[in-house]
Every structure is written in structure tokens, then in C-alpha cells.
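Counting in our numbering, the sequence shown runs from 615 upward without gaps.
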Amino acid sequence: MVSGEHKRDSQHDKLQLLRSITHSHAINETAIVVDASNYITELKQKVERLNKDVASASNKNSSPQVTVETLEKGFLVNVYSAKSCSGLLVFLLEAFEELGLDVLEARVSCQDRFHLQAFGGGENEEDEENYINAQMVKQAISDAIKNWHGSNEKD
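What follows is the structure in C-alpha cells.
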């Protein structure tokens, strides 16, 4: 008899806990369990929504990061992305060429992620009319990345 009473009390306590967790106003056991089931469904939907938000945010943030440093005889350009960027190197080298910068030294990794570290200089560094600054290089690299993104979306 004591055992049965203890089980009922324990079950009642657990249902009350479930009721408080799920913010249920139900009184009978069946309604509390139904409310808990609905609450679990809502939580699953929230998790799915959050996963989609995270996925779309990571896609937006997947654009490569660019830094350009001005050195005594040129620029040090770093382009990094956590994912491999097939074809990006071609677009970046074309941007260097359009600026009239020669790639004097470069290290590139594009297997699991993309990383370019390039030292570029040009013949027109002394020429004020064709002077290139770090901001211009960064803008050209950013434009090349946008063009690369655009060409990948068409594929």
C-alpha cells in the first residue's frame, strides 16, 4: 500500500514539474502530457529555425577576409577564407594585373581552406599619376572576390 502511494506521489510530483517546465495550465494528466508534447514540437521548430539562421549567416560570412599592408617596395596582401575557394586565385591575379602590380613572391593554399599571402610591387610606384595605395589594392581585391562570387552563383 505504501509503495503504491509513494508511486502516485512521485508521479504527481513529476507531472507538476513537467507542467511547470512546459508552462501548462492543464490539471489532468493527459492534458499535461499533451501540452508537454506540443512544447517539445515548438522547441524542435525553434531549433530548426535557429539552425537555418546560423547556416545563412555563415554563408554570408564566408566571404574571404582581406588585409593589405603597405611595405617599402610594394604591398603585402593576405586573403583568407575558412573554406576552399575554387577559381578565386585566377580572379585575384587578374586584379593584380589590372593594377599593374607584379607578384614578386606568393604563398597559396587552397586545399581545405583558401589562403593567399602575396608580395606585390609595381614599376609605377614613383609615378604620381599612376600611384597605387593600399586602399586601392584592397578595393581591387574585394571587387575580384565579388566577381568570383558572381561567377560561382551562375554555375
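Even glycine gets a Cβ: it sits at the ideal position worked out from N, Cα and C.
With 16 other Cβ atoms within 10 Å as the buried cut-off, status of residue i
| i | result |
| --- | --- |
| Ala754 | buried |
| Ile759 | buried |
| Ala645 | exposed |
| Ser638 | buried |
| Gly618 | exposed |
| Arg663 | exposed |
| Ile669 | Note on identity: in this sequence residue 669 is Ala, with Ile being the wrong assignment. With fewer than 16 other Cβ atoms within 10 Å, it is exposed. |
| Val680 | buried |
| Val751 | buried |
| Arg633 | buried |
| Val682 | buried |
Nearest residue (CA-CA) to residue i, options the options
| i | options | result |
| --- | --- | --- |
| Asn747 | Val691, Asp623, Ala720 | Val691 |
| Ser723 | Leu703, Phe710, Gly735, Tyr653 | Leu703 |
| Ile654 | Thr636, Ala669, Glu643 | Thr636 |
| Arg721 | Tyr745, Leu707, Gln630 | Leu707 |
| Leu685 | Leu718, Gln630, Glu656 | Leu718 |
Anticipated Cβ contact below 8 angstroms, residue i with residue j, distance rounded
| i | j | result |
| --- | --- | --- |
| Arg727 | Ser698 | 6 angstroms |
| Gly714 | Trp762 | That pair is no contact at about 21 angstroms. |
| Ser695 | Pro678 | 4 angstroms |
| Gly735 | Asp757 | Contact flag wrong, Cβ pair sits at about 20 angstroms. |
| Ala640 | Asp649 | 5 angstroms |
| Leu629 | Glu643 | 6 angstroms |
Paired residues, beta bridge with residue i - DSSP
| i | result |
| --- | --- |
| Val693 | Val680, Leu730 |
| Val722 | Leu730 |
| Lys701 | The amino acid occupying residue 701 in the given sequence is Gly; Lys does not appear at that position. Looking at the DSSP assignment, Gly701 forms no beta bridge with any residue, so it has no partner. |
| Gly736 | Leu715 |
| Gly618 | The partner list for Gly618 (beta bridge, DSSP) is empty, contrary to what the question assumes. |
| Leu631 | In the DSSP output, where bridge partners are listed per residue, Leu631 has none listed. |
| Gly688 | Leu685 |
Check: residue i C-beta below 7 angstroms from any heavy atom of the ligand FAD
| i | result |
| --- | --- |
| Leu632 | This structure lacks the ligand FAD; in fact it carries no ligand of any kind. |
State whether the segment 690-705 contacts the segment 723-739, with contact taken as three or more CB pairs (one from each stretch) at a distance under 8 angstroms. yes
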